[in-house]
Ligand code: NAD
């Protein structure tokens, strides 16, 4: 029997395909945008400048200081640049860091947002903004935070370094795994989760072998769109809570932390959510935790928190924090079991 569900569709327009960057100007003007502030990280400044040049007078200015975890002081500088340029919309070119900055601007002034997504993190299709101030990361959710248009052009991901591609792809897969057992899941979110996992499982090993090959890049971007949409549509649980804690309180890198934790959080929930996780377990050889671990190892993903700079002495504190105000999770969040999970993840052990 189909379980009762509620399904809310997000209103964003998605333009997908090789060469779809050429649709940017039309996408912007169709939405009523006339003067865009173009956003990027320092690393993607040249790409942003090229895109601004192609937009001609539709580009009102550039701001290329986007930073991970969306610090509020950077947002304030970007808001000043937006106002000084007389902009009426933002174009974010990049991954979650740049997209977060665009969302932070729209959260404050309701700017139209167009995103050209170049990683697999999925932020472009969620109504969620995480921002940091005085060392505290807080998350807000709201319809105005969701970008109006997302362009996925796989050609822009050809230069995404293999190591970032691998971690970012596993970050996307984590959204899908948690989406499968979400309390508020629905048949559409579950279909998207399984298809997203399938696409990324197929694409990531091919990207490792041939990073400049457009076909797996396209498949991975398609998978990341699906997984991101799941993140935006249903609630997350233990895995995201743990990664939020490790990133926010111990300054661990975002995508890599997701990559290390995923096999362990999946193993933690494997029994309690066995039915919901079955399609994912089937994809990874029957046992999801060890299957994901072997997959991550085979594509050269980071496997141990100690390799990301986490100190063993901090694991007790991390377990305390993760067990405080826990998100809903299929298996109860027990401090001792979380401490054991963190120990395995710190050592890089294969989950049993
Ligand atoms: P990122 O945006 O920080 O990108 C990592 C690095 O890769 C940057 O230097 C970037 O410029 C570079 N890069 C990106 N695309 C590239 C490309 N195609 N070619 C070459 N270099 C490229 O990393 P991320 O993992 O995408 O985002 C992490 C941030 O996003 C975190 O702050 C996280 O909290 C946030 N996030 C938010 C949500 C949400 O729904 N709110 C979801 C996922 C991630």
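Numbering (UniProt numbering), first residue to last: 1 to 352.
Ideal Cβ positions, reconstructed from N, Cα and C, are used throughout, including at glycine.
*Per DSSP, what kind of secondary structure is residue 202 in: helix, strand or coil?*
helix
*If we count Cβ pairs, one from each stretch, closer than 8 Å, do we get three or more for the region 97-109 versus the region 135-151?*
yes
*Nonlocal neighbours in the same chain, by C-beta distance under 6 Å from residue 348, ignoring five residues either side*: 303, 304
*Backbone secondary structure at residue 5 - three-state DSSP*: coil
*Collapsed DSSP secondary structure at residue 327 in the structure displayed*: coil
_Cutting at 7 Å between CB atoms, please list the residues of its own chain near residue 315, excluding the five before and the five after it._
339, 342, 343, 346
*When the Cα atoms are used, what is the spatial distance from residue 227 to residue 116?*
17 Å
*Is it right to say residue 153 is buried, meaning 16 or more other beta carbons lie within 10 angstroms of its own, or is it exposed?*
buried
*Pull up the distance between the alpha-carbon of residue 270 and that of residue 140, whole angstroms please.*
29 Å
*Is it buried or exposed for residue 329, if we count other Cβ within 10 angstroms and need 16 for buried?*
buried
*heavy atom of the ligand NAD below 6 Å from residue 183 C-beta*: no
*Three-way DSSP call (helix, strand, coil) for residue 132 in this model*: strand
*Just the Cα atoms here: how many angstroms apart are residue 265 and residue 49?*
40 Å
*asked:* Does the CB of residue 247 have a neighbour CB from chain D at under 7 Å?
replied: Here chain D cannot be found, since the structure has a single protein chain.
_Could you pull the DSSP bridge partners for residue 37 from this structure?_
61, 90
*In whole angstroms, what separates the C-alpha of residue 111 from that of residue 34?*
12 Å
*What are the boundary residues of the alpha helix (DSSP H) that includes residue 31?*
Segment: none, residue 31 is in no alpha helix (DSSP H) and carries neither H nor E.
*Give the single residue among 129, 174, 136, 45 whose Cα lies nearest to the Cα of residue 293.*
174
*Starting from residue 16, follow its DSSP beta bridges and name the residues at the other end.*
152
*With C-beta atoms as the reference, is residue 180 less than 7 Å away from residue 168?*
no
_What does DSSP give as the partner residue(s) for residue 138 in the beta ladder?_
131
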